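Take a look at the structure below.
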Amino acid sequence: MLNPKWLHTFATLVETGSFTKTAERLYMTQPGVSQHVKKLEDELGETLIFREGKQFELTREGIMLNAFIAEQKQQQADFLARMKDDDPHQGAIRIACSGAMAMKLYPSLLNLQALHSGLSVQLEAAPADRIRQMLMDNQTDIGITTQKFDHSAFEETLLGEEALCVIVPSSADIPQGDFHTLASLGYIHHPDGKHYADLVLGSNFPEEYRGVESLDHRGYVNQLAQILLPISKGIGFTVLPESVMSRFEQKEQLTSLPLESPISQSLFLSKKKHRDLPKRFEAVMNIIHEATR
Numbered sequence: 001m002l003n004p005k006w007l008h009t010f011a012t013l014v015e016t017g018s019f020t021k022t023a024e025r026l027y028m029t030q031p032g033v034s035q036h037v038k039k040l041e042d043e044l045g046e047t048l049i050f051r052e053g054k055q056f057e058l059t060r061e062g063i064m065l066n067a068f069i070a071e072q073k074q075q076q077a078d079f080l081a082r083m084k085d086d087d088p089h090q091g092a093i094r095i096a097c098s099g100a101m102a103m104k105l106y107p108s109l110l111n112l113q114a115l116h117s118g119l120s121v122q123l124e125a126a127p128a129d130r131i132r133q134m135l136m137d138n139q140t141d142i143g144i145t146t147q148k149f150d151h152s153a154f155e156e157t158l159l160g161e162e163a164l165c166v167i168v169p170s171s172a173d174i175p176q177g178d179f180h181t182l183a184s185l186g187y188i189h190h191p192d193g194k195h196y197a198d199l200v201l202g203s204n205f206p207e208e209y210r211g212v213e214s215l216d217h218r219g220y221v222n223q224l225a226q227i228l229l230p231i232s233k234g235i236g237f238t239v240l241p242e243s244v245m246s247r248f249e250q251k252e253q254l255t256s257l258p259l260e261s262p263i264s265q266s267l268f269l270s271k272k273k274h275r276d277l278p279k280r281f282e283a284v285m286n287i288i289h290e291a292t293r
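Heads up: the sequence shown begins at 1 in the UniProt record's numbering, then just goes up one per residue.
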């Protein structure tokens with residue numbers, strides 16, 4: 001890498017056209033200016049100037065180097081301008097969250113993008129462990145999870161509570177507290193099925209529930225929008241956030257089983273502690289807070 005101080009001396013020499021003026025401007029001696037030029041020539045293996053008494057002429061290589069320095073200065077100026085230009089309607093919106101939260105946020109984020117074509121929505125539905133790693137690797141700007149990471153690198157904010165519910169076919173006749181009749185429907189499993197079932201069934205049926213593995217699995221779906229489809233057709237039951245059922249198109253075919261111990265889980269927003277979010281996230285945060293009320 002070429003020494004920036006030598007480059008600055010050379011550029012100043014070209015600008016002033018004089019070793020004396022260059023030395024005065026840079027508070028150097030004339031031999032010091034000559035030394036910087038000589039070091040550049042040695043580094044490049046090229047002659048940069050022809051001296052004619054007190055005057056000099058740039059060689060072809062000297063002209064090329066001066067153009068290169070000018071390009072570097074312009075690139076630096078452009079970079080600094082971009083750094084300071086925080087346009088609220090330009091750039092990527094990178095969010096990682098649960099599938100349930102993605103269903104809530106995505107339509108509103110798309111509406112925002114439709115208003116401002118310079119925005120790019122990059123939304124990834126992922127489990128908490130994956131979201132944590134994405135934040136650590138700077139692959140996402142914010143993460144929304146039901147778990148606090150309690151890591152010194154993160155700043156975490158409580159957004160609100162998310163109610164979980166046991167969802168059964170509307171045609172099912174299941175008395176409150178009757179685990180045997182509920183279990184006889186069979187379980188529709190999904191990526192968060194164990195976590196949700198342990199929370200809700202473990203709290204409401206502590207004597208009967210022996211883990212999700214003990215249930216008769218009637219199916220497995222990894223697409224959140226499709227998990228409730230078999231239940232709407234009278235096949236099985238599952239445990240999901242209430243918001244998923246409320247957004248299901250055939251929700252009249254579903255019902256939420258009354259629980260003696262209603263269960264909610266906290267939602268946390270996480271980001272890197274020492275990284276301020278760009279201005280475009282102001283509108284995004286309004287969408288998130290509206291979705292988690």
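All C-beta atoms, glycine included, are put in the ideal place defined by N, C-alpha and C. Remember, predicted model here, so these are calculated numbers, not experimental data.
Cβ-Cβ distance between residue i and residue j below 9 Å
i: LEU267; j: GLU161; result: yes
i: GLY32; j: LEU48; result: no
i: THR255; j: HIS189; result: no
i: VAL121; j: ILE144; result: no
i: PHE19; j: PHE56; result: yes
i: MET28; j: THR16; result: no
i: GLN113; j: LEU105; result: no
Length of the line joining the Cα atoms of residue i and residue j
i: THR59; j: GLU52; result: 13 Å
i: ASP141; j: ALA163; result: 26 Å
i: LEU201; j: PHE281; result: 37 Å
i: LEU2; j: MET83; result: 25 Å
i: GLN72; j: ALA23; result: 23 Å
i: HIS36; j: PRO4; result: 11 Å
Proximity test, residue i beta-carbon vs the ligand COA heavy atom, cut-off 8 Å
i: LEU215; result: By its list of ligands, the structure shown contains no ligand whatsoever, and the ligand COA lies outside what it can speak to.
According to DSSP, residues forming a beta bridge with residue i
i: ALA197; result: In the DSSP output, where bridge partners are listed per residue, ALA197 has none listed.
i: SER256; result: ILE167
i: VAL121; result: ILE93
i: ILE188; result: GLY219
i: ARG51; result: PHE56
i: THR181; result: Answer by DSSP bridge pairing: none, since THR181 is not bridged.
Proximity winner among the options, relative to residue i (alpha-carbon distances)
i: VAL284; options: PRO262, GLY45, ALA96 and LEU215; result: ALA96
i: GLY219; options: VAL168, PRO262 and TYR187; result: TYR187
i: ALA126; options: MET136, LEU110, VAL212 and MET101; result: MET101
i: HIS217; options: LEU224, GLN30 and LYS194; result: LYS194
i: PHE50; options: GLU290, GLN133, THR292 and VAL14; result: VAL14
i: HIS289; options: LEU26, ILE69, LEU109 and ARG130; result: LEU109
i: LEU224; options: GLU207, GLY211 and GLU249; result: GLU249
Contact set for residue i: own chain, Cβ-Cβ below 6 Å, skip 5 residues either direction
i: LYS148; result: GLU156 and PHE268
i: GLU242; result: ALA163 and CYS165
i: residue 301; result: With the chain covering only 1 through 293, there is no way to say anything about residue 301.
i: TRP6; result: HIS36, LYS39 and LEU40
Same chain, Cβ closer than 8 Å to residue i, neighbours up to 5 away in sequence not counted
i: GLU260; result: GLN176, GLY177 and ASN204
i: ASN222; result: HIS190 and PRO191
Test: residue i CB closer than 9 Å to a CB of chain B
i: TYR27; result: The structure shown contains no chain B; it holds only a single protein chain.
Contact set for residue i: own chain, Cβ-Cβ below 7 Å, skip 5 residues either direction
i: GLU41; result: THR47 and LEU48
i: ARG247; result: MET103
i: GLN278; result: A small correction: the amino acid at residue 278 is Pro; Gln does not occupy that position in the sequence shown. Once the five neighbours on either side are set aside, the close Cβ partners of PRO278 are ASP86 and GLY91.
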